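Residue numbers (this note's numbering): 1298 to 1616. Backbone N, C-alpha and C fix where the C-beta goes; we use that ideal spot for every residue, glycine too. Remember, it's a predicted structure, so these values are computed and weren't measured experimentally. Reviewing the structure listed below.
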């Protein structure tokens, strides 16, 4: 690991190159875990990434980019803390990169800066700025997958459509695949406007304007052709992780009540959106795996989805 650290440090670009994105810092946090800061010229700030390195090192390995939902970075609710990802991923030969700081942004390029959420140019960052820096720093194979949940399930589909040659596999768990339908607009408003406090009109313009349709994965589903696709949703009814024995609930009746009474309706609504996407893909002749299962809008089911998708994802990116 010391040799790897020296090699990685050698690719750090001086802040003098601030006209473009650059690798700002690398911090090792364990045998397989590191934090990587990347300066985004598009957003004029350093974006933090959690990175998991596979057994045997990162060189020549593909990369899975895992996005999180509408939570704030300081909430510490993400893939490493809420799933067993750090325990199983290193043995699979896949580099894992988890960007932070995009809560409520839909990981898209906003039309205007927002008083609450600031400057958001996440599509530019995730498709143009970050991947070449990760590829150079980790000496990857250049093959990639993208996985999102909840809000970022929509984003994972939209970003794959925006940069179809960048990703070979995409996973979308418990997210509404529409942004310009009445249900899709309502979900965006709930996520970005109500939960995150942003102004959705700063993102794509007034409701019904062209920006909403331009960023609707359902409308542009033909661009998913040629990718390995996994789509999942719960029914909203209690399932195997909605009980006091689940380690994320840890015996808390209040947490269980919230997960069922709030996570249930959210998952039922996103499930309605999710079910329509596989039907559209089928009409387009695009193969996709779709899973519907009992359960609420919660991390236990996203861990299950990740485990189910991982073998096909890994095969698609050459792990």
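Where DSSP assigns a beta bridge to residue i, which residues make up the other side?
i, result
"residue 1590", "1531"
"residue 1467", "1443 and 1526"
"residue 1324", "1332"
"residue 1344", "1335"
"residue 1360", "1392 and 1441"
"residue 1625", "Past the edges of the chain, shown from 1298 to 1616, lies residue 1625, and the structure says nothing about it."
"residue 1319", "1336"
I need the straight-line Cα distance from residue i to residue j, nearest angstrom please.
i, j, result
"residue 1601", "residue 1385", "13 Å"
"residue 1533", "residue 1566", "8 Å"
"residue 1593", "residue 1493", "21 Å"
"residue 1501", "residue 1409", "9 Å"
"residue 1548", "residue 1589", "27 Å"
"residue 1557", "residue 1531", "12 Å"
"residue 1489", "residue 1402", "7 Å"
"residue 1357", "residue 1486", "41 Å"
"residue 1519", "residue 1581", "7 Å"
"residue 1527", "residue 1591", "17 Å"
"residue 1413", "residue 1341", "16 Å"
"residue 1411", "residue 1545", "33 Å"
"residue 1451", "residue 1510", "13 Å"
"residue 1441", "residue 1609", "13 Å"
"residue 1354", "residue 1562", "42 Å"
"residue 1456", "residue 1407", "14 Å"
"residue 1604", "residue 1381", "10 Å"
Taking 8 Å as the line, does the beta carbon of residue i fall inside it for any heavy atom of the ligand SAH?
i, result
"residue 1353", "Among the ligands in the structure shown, none appear at all, so the ligand SAH cannot be discussed."
Pick helix, strand or coil for residue i, following the three-state DSSP scheme.
i, result
"residue 1602", "helix"
"residue 1504", "coil"
"residue 1509", "helix"
"residue 1610", "helix"
Using alpha carbons as the reference points, say which of the options lies closest to residue i.
i, options, result
"residue 1578", "1459, 1333, 1454 and 1362", "1454"
"residue 1350", "1594, 1389 and 1559", "1389"
"residue 1432", "1360, 1499 and 1409", "1360"
"residue 1569", "1595, 1526, 1484 and 1551", "1484"
"residue 1323", "1508, 1344, 1339 and 1317", "1344"
"residue 1553", "1506, 1427 and 1539", "1539"
"residue 1505", "1475, 1609 and 1525", "1475"
"residue 1352", "1383, 1400 and 1378", "1383"
"residue 1445", "1416, 1434 and 1397", "1397"
> Can you give, in chain order, each stretch of the beta strand (DSSP E) that sits fully within the segment 1381-1435 and has at least 3 residues?
Replying inline: 1392-1396
>> In chain order, what are the residue ranges of uninterrupted alpha helix (DSSP H) at least 4 long that sit wholly in the segment 1514-1588?
In response: 1550-1558 and 1560-1580
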